[in-house]
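Under the working numbering, the residues of the sequence shown are numbered 3 to 148, in order.
Using N, Cα and C, we set each Cβ at its ideal position, and we do this for glycine too.
In this text, all values refer to a predicted model and were calculated from it rather than measured experimentally.
Remarks on the structure that follows.
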Amino acid sequence: METVMHRHIAVICLATMLFSMGAAKAGPVEDAASVRAQWEQVYNSGDADKFMALYTKDAMLFGSTAQLFTGADGVRTYFSKLPPGIKTKMGDQQAIAAGPNVLLSSGFADFILKDGTVVPYRLTFAMVKVDGQWLIAQHHGSPVPK
């Protein structure tokens with residue numbers, strides 16, 4: 003009887019441990035990948051207003067133009083001026099935690115023009131956790147040098 007009880011306890015402990023491992027918090031790479039996937043989805047929607055949910059209110063953005071865009075209005079302005087029909091596909095990325103509420107992510111993305119031309123880009127996001135959500139505070143994009 004005691005052996006059966008020990009086995010039951012062992013099974014319960016093992017199940018609890020396995021469940022806990024599956025419920026573990028994502029790391030910086032997974033958190034950054036989630037933000038990048040959301041960004042890709044919003045970009046491909048073509049809706050500039052949807053970007054507002056991904057950026058901090060005081061965000062800074064260097065995109066495909068020479069101008070630095072700042073704040074929520076700047077982010078909206080930048081994305082509303084993009085030519086229609088361009089799509090993006092995120093590529094490889096690296097991410098590190100610079101603190102418990104700061105992530106840095108650098109990686110690649112392809113922008114696909116209407117005519118099918120693929121323009122490889124480098125993207126860097128600095129993200130901060132605000133009310134439990136990762137938001138982009140700083141964004142820099144530039145074409146991959148040839």
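Q) Cα separation between A99 and G118? A) 36 Å
Q: Mind reading off the beta-carbon distance from Q140 to M62? Whole number of angstroms is fine, and I expect it under 8 Å.
A: 5 Å
Q. Considering only C-alpha positions, which residue in the set T90, Y45, S66 and D94 is nearest to S107?
A. D94
Q. Based on Cα-Cα distance, which residue from D112, P102, V77 and K89 lies nearest to D133?
A. P102
Q: Closer than 7 Å by C-beta to L137: which residues in its own chain qualify, once you throw out the five before and the five after it? Chain order, please.
A: L56, Y57, T58, M129 and V130
Q.
Could you tell me the alpha carbon to alpha carbon distance between D33 and L105, rounded to whole angstroms?
A. 8 Å
(Q) What would DSSP say about A34, mapped onto helix, strand or coil? (A) helix
(Q) Do T90 and F113 have their beta-carbon atoms positioned less than 8 Å apart in this structure? (A) yes
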